[in-house]
Amino acid sequence: MESTGSESKMVYRYLGNSGLKVSILGFGNWITGHDPKAEETQIECIKKAYELGVNFFDTAEIYGDGEAEKIMGKAIKELPCERKDIVLTTKIFKCGADVNGTFLSRKHITEAVQNSLDRLGVEYVDVLFCHRPDENTPLEETIKAMNWAIDEGLTFYWATSEWSAAKIAEAMEICKRLKLHKPICDQCEYSALMRTNFEKNLRHSYETYKYGTTIWSPLAGGILTGKYNDGNIPEDTRYKDNAYVSSVILQKYFGPKVKENTLRILNGLKEIADENNVSMAQLCLAWTLVNKDTSTCIFGASKVSQVEDNMKALDLALNWTKELEEKIETLMDNTPEADLDYNKWAKAEGRRSLRVDYDMKIEPMAALWTTFVSSSE
1 MESTGSESKM VYRYLGNSGL KVSILGFGNW ITGHDPKAEE TQIECIKKAY ELGVNFFDTA
61 EIYGDGEAEK IMGKAIKELP CERKDIVLTT KIFKCGADVN GTFLSRKHIT EAVQNSLDRL
121 GVEYVDVLFC HRPDENTPLE ETIKAMNWAI DEGLTFYWAT SEWSAAKIAE AMEICKRLKL
181 HKPICDQCEY SALMRTNFEK NLRHSYETYK YGTTIWSPLA GGILTGKYND GNIPEDTRYK
241 DNAYVSSVIL QKYFGPKVKE NTLRILNGLK EIADENNVSM AQLCLAWTLV NKDTSTCIFG
301 ASKVSQVEDN MKALDLALNW TKELEEKIET LMDNTPEADL DYNKWAKAEG RRSLRVDYDM
361 KIEPMAALWT TFVSSSE
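All the letters of the sequence shown, read from the start, carry residue numbers 1 to 377 under the UniProt record's numbering.
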């Protein structure tokens, strides 16, 4: 990697209470990034994302049984920057069929992190995630193993993915008691169709620990792109021949009990997108970006044009209005019901309504340093 002093503009947010800054849009290669046949295209997608200001790149050992990490590693070596200029993350939980190659035991974490680094071709990752909670391994064991990885210089931070607020709180208390490094964020699902966990269940984590988030599936696995607004699967989509997606993801949104309401929301969002001269995907990505509890929003792409299209969501987010927010909320009618505020003996105000950013600003990273130097003189 060779540094070129990129002047790309982007919004950057702190990743939890870590001091680490990440681009508000991040690139991940969950579904699209582990097919060897698409390696060249995937590398071009990653390069385009960096060119447009992305500094956060995410993968996992389970994606293609390590193939995604290999492709990500090749891609970052072709970026016109130094290793220090990007935030690279991977996730540990399962890779292969080995009896001890699954979950969050000290053995698996210790071996898996080195295997991931070898596949990525790097000496360290910036953030190492526990990809899912492990109910069979004592949490203290997992925490000590993640701290070992930090102490050995294999990662700077550790984090969680799809952990409950209760599990996060338990981890925080163990870290406090044992004087160990605490997790900094959760990689959790968040989209206009999937809100309760992010906006309600994790509220305690945000308010108590300043916990960050690296959200995944902001387009609900592609459902919010507009391709499925008639409730059918087009021939040219990845869902057509994907048994997992067809049986799990589509059922979640188009099952008998929810299909009618999903279609109502989808077609209403398309109308709002058209009114604002943006694609439906851009509208729904921007909707996640303006929530300040979103540290970074991870998207994937199978072609460069998708990267370019998704990145334009930032333009809409920068011009978000209360009128647009209220119109979308009224249409969707799926705001998670807040818990009681016992100080007022009434429902608390919804978390999202308190966190929408109507004054988002961008500036080149170089300008941030110039501003700092000027203010220090």
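Ideal Cβ positions, reconstructed from N, Cα and C, are used throughout, including at glycine.
What does DSSP give as the partner residue(s) for residue i in the beta ladder?
i, result
"S23", "Y12"
"residue 389", "Look at the range of the chain in this structure, 1 to 377, and you will see that residue 389 is not part of it."
"G28", "D58"
"I298", "G26"
"T214", "T296"
In three-state DSSP terms, what is residue i?
i, result
"V122", "coil"
"residue 378", "Because the chain here runs from 1 to 377, residue 378 falls outside it and cannot be looked at."
"E152", "coil"
"L219", "coil"
"I233", "coil"
"S161", "strand"
"K144", "helix"
"I328", "helix"
"T41", "helix"
"D341", "strand"
"L128", "strand"
"T225", "helix"
"A346", "strand"
"K262", "The displayed chain sequence assigns Thr, not Lys, to residue 262. Here T262 sits in helix by DSSP."
"S116", "helix"
"I362", "coil"
"G33", "coil"
Using the Cβ count rule (16 or more neighbours within 10 Å means buried), how would you classify residue i?
i, result
"N100", "exposed"
"K322", "exposed"
"E61", "buried"
"Q114", "exposed"
"Q187", "buried"
"K94", "buried"
"K182", "buried"
"W345", "exposed"
"G212", "buried"
"S161", "buried"
"K77", "exposed"
"S305", "exposed"
"R177", "exposed"
"Q251", "exposed"
"R264", "exposed"
What residues in its chain sit with their C-beta under 8 Å from that of residue i, if we drop five residues either side in the sequence?
i, result
"S164", "P133, N201"
"S217", "E189, Y190, S191, M194"
"E329", "T335"
"L340", "A346, K347, A348"
"E39", "I71, K74"
"S205", "A165, I168, A169, D186, Y211"
Please list, in chain order, all residues of the same chain as residue i whose beta carbon is under 7 Å from its beta carbon, the five residues on each side excluded.
i, result
"E349", "A338"
"N17", "I184, Y209, K210"
"R355", "N291, K292, D293"
"K327", "I272"
"P36", "E67"
Grab me the residues of residue i's own chain with a C-beta within less than 6 Å of its C-beta, minus the 5 sequence neighbours each way, in chain order.
i, result
"T59", "N29, A68, E69, M72, T90"
"V127", "T89, Y157, A159"
"I249", "G221"
"A301", "C45, V307"
"I150", "H181"
"F56", "V22, S23, G26, V87, T296"
"W287", "A192"
"D357", "V290, K292"
At what residue ranges does the stretch 61-112 contain a whole run of the beta strand (DSSP E), taking only runs of 3 or more?
87-92
Write down every uninterrupted run of the alpha helix (DSSP H) in the stretch 184-212 whose length is 4 residues or greater and which is fully enclosed by it, in chain order.
203-209
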